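See structure below.
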Amino acid sequence: MKYVFKKFLFVLILGVMILSLAACAKKIENPVIRLSTTTSVNDSGLMAYLQPVFEADTGYTLEVTSAGTGAAIEKGRTGDADALLVHAKASEEEFIGEGYGEERVPFMYNFFVIVGPEADPAGVKGVATAAEAFQKIADAGATFISRGDDSGTHKAELKIWGAMGYDPTGQPWYVSVGDSMGRVLTVADEMVAYTFTDKATYLAHDNALSLLLEETDDMKNTYAMIAIKPERYPDTNYEGAQAFIEWMTSEKALKLIAEYGVEEYGEQLFFVP
Amino acid sequence: MQTLLEAFRLLLGADPELRQIIAVTMQMSLLSTGISALLGIPLGVLIGANDFKAKRLVNRLLHTLMGLPPVVAGLIVFLLLSRSGPLGTFKLLYSVTAMVIAQVVLITPIITGLTANVVSIKAPLIRETAAGIGLSPFRRMLYTIYECRVPFVSNILAGFGRAIAEVGAVQMVGGNVQFKTRIMTTAIMMQTNMGHFEFAIALGIVLLLISFLVNSLVGRIQEKTLSA
Amino acid sequence: MIELKDILIQYDQRSVLDIPSLRFEKGKRYGLIGENGSGKTTLLRLLAGTLTPDQGSVVKLTPNGMGYMPQHPYAFSFSVLRNVEMALDKSEVRRKQALAALEKVGMGQFVNARGDKLSGGEAQRMACARIIAKPRQLILLDEPTSSTDIKGMDLVEQTILDYAAQCGCTLIFSTHSPAQALRLAEEVIFLHQGKIVEQGPAEKLLNQPASEQARLFLQHWQL
Numbered sequence: 059m060k061y062v063f064k065k066f067l068f069v070l071i072l073g074v075m076i077l078s079l080a081a082c083a084k085k086i087e088n089p090v091i092r093l094s095t096t097t098s099v100n101d102s103g104l105m106a107y108l109q110p111v112f113e114a115d116t117g118y119t120l121e122v123t124s125a126g127t128g129a130a131i132e133k134g135r136t137g138d139a140d141a142l143l144v145h146a147k148a149s150e151e152e153f154i155g156e157g158y159g160e161e162r163v164p165f166m167y168n169f170f171v172i173v174g175p176e177a178d179p180a181g182v183k184g185v186a187t188a189a190e191a192f193q194k195i196a197d198a199g200a201t202f203i204s205r206g207d208d209s210g211t212h213k214a215e216l217k218i219w220g221a222m223g224y225d226p227t228g229q230p231w232y233v234s235v236g237d238s239m240g241r242v243l244t245v246a247d248e249m250v251a252y253t254f255t256d257k258a259t260y261l262a263h264d265n266a267l268s269l270l271l272e273e274t275d276d277m278k279n280t281y282a283m284i285a286i287k288p289e290r291y292p293d294t295n296y297e298g299a300q301a302f303i304e305w306m307t308s309e310k311a312l313k314l315i316a317e318y319g320v321e322e323y324g325e326q327l328f329f330v331p
Numbered sequence: 006m007q008t009l010l011e012a013f014r015l016l017l018g019a020d021p022e023l024r025q026i027i028a029v030t031m032q033m034s035l036l037s038t039g040i041s042a043l044l045g046i047p048l049g050v051l052i053g054a055n056d057f058k059a060k061r062l063v064n065r066l067l068h069t070l071m072g073l074p075p076v077v078a079g080l081i082v083f084l085l086l087s088r089s090g091p092l093g094t095f096k097l098l099y100s101v102t103a104m105v106i107a108q109v110v111l112i113t114p115i116i117t118g119l120t121a122n123v124v125s126i127k128a129p130l131i132r133e134t135a136a137g138i139g140l141s142p143f144r145r146m147l148y149t150i151y152e153c154r155v156p157f158v159s160n161i162l163a164g165f166g167r168a169i170a171e172v173g174a175v176q177m178v179g180g181n182v183q184f185k186t187r188i189m190t191t192a193i194m195m196q197t198n199m200g201h202f203e204f205a206i207a208l209g210i211v212l213l214l215i216s217f218l219v220n221s222l223v224g225r226i227q228e229k230t231l232s233a
Numbered sequence: 118m119i120e121l122k123d124i125l126i127q128y129d130q131r132s133v134l135d136i137p138s139l140r141f142e143k144g145k146r147y148g149l150i151g152e153n154g155s156g157k158t159t160l161l162r163l164l165a166g167t168l169t170p171d172q173g174s175v176v177k178l179t180p181n182g183m184g185y186m187p188q189h190p191y192a193f194s195f196s197v198l199r200n201v202e203m204a205l206d207k208s209e210v211r212r213k214q215a216l217a218a219l220e221k222v223g224m225g226q227f228v229n230a231r232g233d234k235l236s237g238g239e240a241q242r243m244a245c246a247r248i249i250a251k252p253r254q255l256i257l258l259d260e261p262t263s264s265t266d267i268k269g270m271d272l273v274e275q276t277i278l279d280y281a282a283q284c285g286c287t288l289i290f291s292t293h294s295p296a297q298a299l300r301l302a303e304e305v306i307f308l309h310q311g312k313i314v315e316q317g318p319a320e321k322l323l324n325q326p327a328s329e330q331a332r333l334f335l336q337h338w339q340l
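Chains as they are written, first to last, in the working numbering: chain A, 59 to 331; chain B, 6 to 233; chain C, 118 to 340.
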């Protein structure tokens, strides 16, 4: 009698211990991470590709919202995001300087490209820098579609015009649409015009534009993550953001990122250091 | 709060781009409404005042078109005007003309349907009386239009209200091109996406005021019609 | 003279009007009586030409100069005067004719009032003025005093009788009131469920109805 009782007690305690251990491992305070990223990143399909792996590995749930760079970063200020994934260095540094974000964690890069009509009336193909290409386009008065939405891509485009000391605003051939990369490519396709885009979105988008210039120094585009500091909004998922950043910079994730696009487009779309 | 003040400052300062956006919006809306009214009112009178074999079919078709979702209209016009579409050679895509076309497609059925409804209520009574005093069909039609003049005005205003508030179709076929096809609704969407809320709010206030004005006019006209 | 032959009008498979033969003589005054839905309005509309029969024919040997006043005459949203003028041909005397007609029906003070602001009885009298403003060969009136008060009714009835005598037109009217039929009609036609059940001189039919249905209909009416 006593023996049976002792054995039963032992099994019970063991069971409780195992259960609580399992519960401990699975127990996450706040399982939802709100990631605010840009339309370009979304349009490239990278997050949809990584998300299931991340969620399976960590048990977190990722809620990805995308908007133009400006609005994406703004979500960090208004407490609508736990982490940012953007590609606009100056805006990121400003954001951190204001005290909203922890630190900039650059983790991958790619290049912008210049695409346009197959006939290439402005003679962009073969020049050495994007600035030269823009000069040719301006000289020829060839139609050029701009994001016009203060996004990372737009800011990169403006930086190149700035380096030339030239402001294309108001020129009849300069078409500013204020919209996402996908839509800009549609307009460029329709108007048979030049535009400045990231390669991933260009490849993922159905159009008849030709790739005219890529991988010049002045078209390098760096992506970074920022965890939002929890001081301002107490329900910010700071642990979740850190878990996300840690996972994204892990060897496994970086390998996945480097592999993305190879099978479908024959080349990698994002580079890791 | 700060953003709201900024918005008012923008409005009062009459930022040139703001003014241009409002101007393009008014041009487009007035043109769309005008063309839709020119097409829709005579058509509505013909349908409402007369009895003909295919009337039930026509009414059903009309009601289907009245419920055409703006984005579908936008898609259809986009495909028509696109480079690879049947009207591609005219290069109308991303122009005010394209936006007007899309809006006319949307608004004409609405004005036609509203007109037909109003006319069909009065037309039978008028016809009976007109037959009794020997009025010619043409004069009877003119008198019918005269009798429905007040609801006609409110119908046109309703059409204008739709034109000015529309965003889906005009975004698709207009492209929201700066200085060219950027109108209040598409600009508000864009500025909100960019996080520039002051500009969006400033435009929103203007749009709201115009909308309120138009809709309250329609309401007043309807009230007067009911109490008469 | 009007001749109807083999008239059949149906609605939802129900016979609304079924008249094998009917004849109206020139210059006579006919009153149509019967219950609601007996076909009085349908018959008048048929005669006015606003309804075409499913079967049968209407032959009018007095094709011109018809005036028809429907049960609910439409009053337009301009002046009463214009409402009457619109029934007349354009001429210098049009105004005078309209004013005279309005005076006769007792609407003299309403000349500049807006048509659509009139009461039911006033609108009916105005519609009546439209009819009597010029001489006609046939007038059809559908319950011409249904909304009018007794004083107005007297005036309108007298005006109609004067007008009929003056221009020698054929008068065909419908009424709910057997008394009115007696006052205005020479011949009375009693309709029941779309059929002519009895027809004859007013005095005789109204005081000594021959048919069962007519007797039933008139039983509540005491001479």
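Ideal placement from N, C-alpha and C gives every residue a C-beta, glycine not left out. No experiment lies behind these values; they were computed from the predicted model shown.
- The DSSP-derived three-state label of E161 (chain A) is coil.
- Cβ-Cβ distances below 6 Å link G154 (chain C) to nothing in the same chain once the five nearest sequence neighbours on each side are left out.
- DSSP, reduced to helix, strand and coil, places S204 (chain A) within a strand of the structure shown.
- Excluding its 5 nearest sequence neighbours in each direction, K251 (chain C) has C-beta neighbours in its own chain below 7 Å: L205 and Q214, listed in chain order.
- Residues of the segment 139-172 of chain C with a C-beta atom less than 7 Å from some C-beta of chain B are A165, G166 and T167, listed in chain order.
- In chain order, R162, A165, T167, Y185, P187, Q188, H189, P190 and Y191 make up the part of chain C whose C-beta sits under 9 Å from the C-beta of E133 (chain B).
- Taking each of C:A298, C:E303 and C:S194 in turn and checking the Cα distance to I150 (chain C), the smallest one comes out for C:A298.
- A327 (chain C) counts as exposed, since fewer than 16 other beta carbons sit within 10 angstroms of its beta carbon.
- Taking 8 Å as the cut-off, the beta carbon of E303 (chain C) is found no closer than this to the beta carbon of K157 (chain C).
- Taking C-beta atoms under 8 Å as the contact rule, L271 (chain A) and A188 (chain A) qualify, at a distance of about 7 Å.
- Within chain C, no residue has its beta carbon less than 9 Å from that of Y99 (chain B); the closest one is some 47 Å off.
- With a threshold of 16 other beta carbon atoms within 10 Å, Q226 (chain C) falls short and is exposed.
- Within chain B, the residues whose beta carbon sits less than 7 Å from that of S194 (chain C) are E152, listed in sequence order.
- Sequence-distant partners of E239 (chain C) (beyond 5 residues in either direction) whose C-beta falls short of 7 Å from its own C-beta, in its chain, are M224 and F227.
- Straight-line measurement puts the Cα of P137 (chain C) at about 34 Å from the Cα of R145 (chain B).
- Taking 4 residues as the minimum length, the alpha helix (DSSP H) runs contained wholly in the segment 192-224 of chain C are 197-202 and 211-221, in order along the chain.
- Distance check between C245 (chain C) and each of C:S194, C:Q188 and C:Q336 places C:Q188 closest, using alpha-carbon atoms only.
- Taking 8 Å as the cut-off, the Cβ atoms of L327 (chain A) and S102 (chain A) count as close.
- Under the 8 Å criterion on CB atoms, L208 (chain B) is classed as non-interfacial with respect to chain C.
- Proximity of R88 (chain B) to chain A, defined by a Cβ-Cβ separation below 8 Å, is satisfied.
- Taking a contact as a CB-CB distance under 8 Å, the pair M104 (chain B) and V175 (chain B) counts as one, their CB atoms being some 4 Å apart.
- Under DSSP, E120 (chain C) shares a beta bridge with C:R140 and C:V176.
- Sequence-ordered contacts of the segment 107-141 of chain B with chain C read K127, L130, I131, R132, E133, T134, A135, A136, G137, I138, G139 and L140 [C-beta pairs closer than 9 Å].
- Taking 8 Å as the threshold, the shortest C-beta distance from N198 (chain B) to chain A falls below it.
- Pairing A192 (chain C) with L51 (chain B), the inter-Cα distance amounts to about 22 Å.
- Look at G180 (chain B): its C-beta is under 8 Å from a C-beta on chain A.
- For Y185 (chain C), there is no enclosing alpha helix (DSSP H); the enclosing beta strand (DSSP E) has its first and last residue at M183 to M186.
- The beta carbon of D207 (chain A) sits closer than 8 Å to some beta carbon of chain B.
- DSSP, read as helix, strand or coil, puts F83 (chain B) in helix.
- Taking 3 residues as the shortest admissible run, the segment 250-318 of chain C contains the following complete beta strand (DSSP E) segments, listed from N- to C-terminal end: 255-259, 287-291, 304-309 and 312-318.
- Across the structure, D225 (chain A) and W219 (chain A) are spaced so that their CA atoms are roughly 6 Å apart.
- Close to chain B, meaning a Cβ-Cβ distance shorter than 9 Å, are the following residues of the segment 233-249 of chain C: D233, K234, A244, R247 and I248.
- Our two residues, K213 (chain A) and A205 (chain B), have alpha carbons roughly 21 Å apart in a direct line.
- Contacts with chain A at 8 Å (Cβ-Cβ) include F184 (chain B).
- For F170 (chain A), the beta-bridge partners assigned by DSSP are A:D256.
- Taking E203 (chain B) as the centre and dropping the five residues before and after it, the same chain places the C-beta of T8, E11, A12 and L15 closer than 7 Å to its C-beta, in chain order.
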